[in-house]
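Chemist: Below are the structure tokens for one structure; questions will follow.
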Amino acid sequence: MSLDLFSAFVIGLLGSGHCIVMCGGISTMLTTAISNNLAQKKYVIVLGYHLGRIGSYSVIGALVAFTSSMAAKNIGIPIAFLKTIAGIFLILLGLYLGQWLMWLSRIERLGKGLWRHISPITKRFIPIKNLKSAVCLGALWGWLPCGLVYSTLTWALASADALNGALIMLFFGLGTLPALFTVSLGTLNVKALLSHSLFRQLAAILLLTYGIYTILIAY
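Going by full-length UniProt numbering, the first residue of the sequence shown is number 1, and it counts up by one from there.
Dropping the structure here:
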């Protein structure tokens, strides 16, 4: 389990470049949405909506893992099979981050239907007037369709335990935190590094390798 948590954290860290491309604009927009009277508390507010986002990841991870645990118990789906699915998605994620095969973009479209219903609610919390509204806005943002999130959710699925699934997504979210937090505060040099093609391709190769390793270990 500790290896799964560490792996989830590393996946979030390596996938940060993708996070910046997909969500960097949102991060900047959320920062500019902070009310003027909260400018001195900007760091706390920014951290608040990122923690809200990570909280949503944990909830989704728990729901997915609970579903897979019921399937494993009632239908008899072997855990090795679920681990294999997780490995395959890691490979797809590596190909996606390296921009060599974009199949995960098709999976991202599956979440757009739900996001169409959630996105209008975000307007209720803009401009951000207090820490509570920042956390709520981040929690809604956590449901934004993302291939990186969906790939990591297969790890939660393979855990077949609600608590473990929540922890896996928690550590994944913490892995994405350094990049998105700094981008939210306007640190452009971090954005340039993580968005660089060399970093992205190195991360892609590491994820590809780990995906293959996961499949081998499953059997």
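Virtual Cβ for every residue (Gly too), placed ideally from N, Cα, C. Quick caveat, the model's predicted, so the values are computed rather than measured.
Do you know how far the Cα of Ile88 is from the Cα of Thr209?
Modeler: When rounded, the distance between both Cα atoms is 11 Å.
Chemist: My guess is that Tyr57 and Gly173 are in contact by the Cβ rule of under 8 Å, so how many angstroms apart are they, rounded?
Modeler: Yes, they are in contact, since the Cβ atoms of Tyr57 and Gly173 sit about 4 Å apart, within 8 Å.
Chemist: Quick one: what's got a C-beta closer than 6 Å to Arg53's C-beta in the same chain, skipping five residues either side?
Modeler: The residues are Gly138, Trp141, Gly142.
Chemist: So what's Ile126 in DSSP terms, helix, strand or just coil?
Modeler: Note: Ile126 maps to coil in three-state DSSP.
Chemist: DSSP on Ile77, reduced to helix/strand/coil?
Modeler: DSSP places Ile77 in coil when its eight states are reduced to three.
Chemist: What separation, rounded to the nearest whole angstrom, lies between the Cα atoms of Ile85 and Val44?
Modeler: Straight-line Cα distance between these residues: approximately 38 Å.
Chemist: Since Trp155 is in the alpha helix (DSSP H), which residue starts that stretch and which ends it?
Modeler: Where Trp155 is concerned, the enclosing alpha helix (DSSP H) stretches over 147-159.
Chemist: Got a sec? Which residues, its chain only, sit under 6 Å from His18 by beta carbon, not counting five neighbours each side?
Modeler: Result list for His18: Leu97, Leu148, in chain order.
Chemist: If I follow the unbroken alpha helix (DSSP H) through Tyr210, where does it start and stop?
Modeler: Here the alpha helix (DSSP H) through Tyr210 covers 197-218.
Chemist: For Phe171, does the count of other Cβ atoms within 10 angstroms reach 16, so buried, or fall short, so exposed?
Modeler: Buried is the call here.
Chemist: Pick helix, strand or coil for Trp115, following the three-state DSSP scheme.
Modeler: Helix, per DSSP.
Chemist: Ignore the nearest five residues each way along the sequence and tell me which others in Ala218's own chain have a CB closer than 7 Å to its CB.
Modeler: These residues qualify, in order along the chain: Ala80, Lys83, Thr84, Gly87.
Chemist: Please report the distance separating the alpha-carbon of Ala156 from that of Gly61.
Modeler: Their backbone Cα atoms lie some 6 Å apart in a straight line.
Chemist: With the cut-off set at 8 Å, would you say Ala166 and Ser68 are in Cβ contact?
Modeler: The answer is no: Cβ separation not under 8 Å.
Chemist: Measure from the alpha carbon of Ile168 to the alpha carbon of each residue in Ile128, Asn74, Ser184, Tyr150, then state which is nearest.
Modeler: Considering only alpha carbons, the answer is Tyr150.
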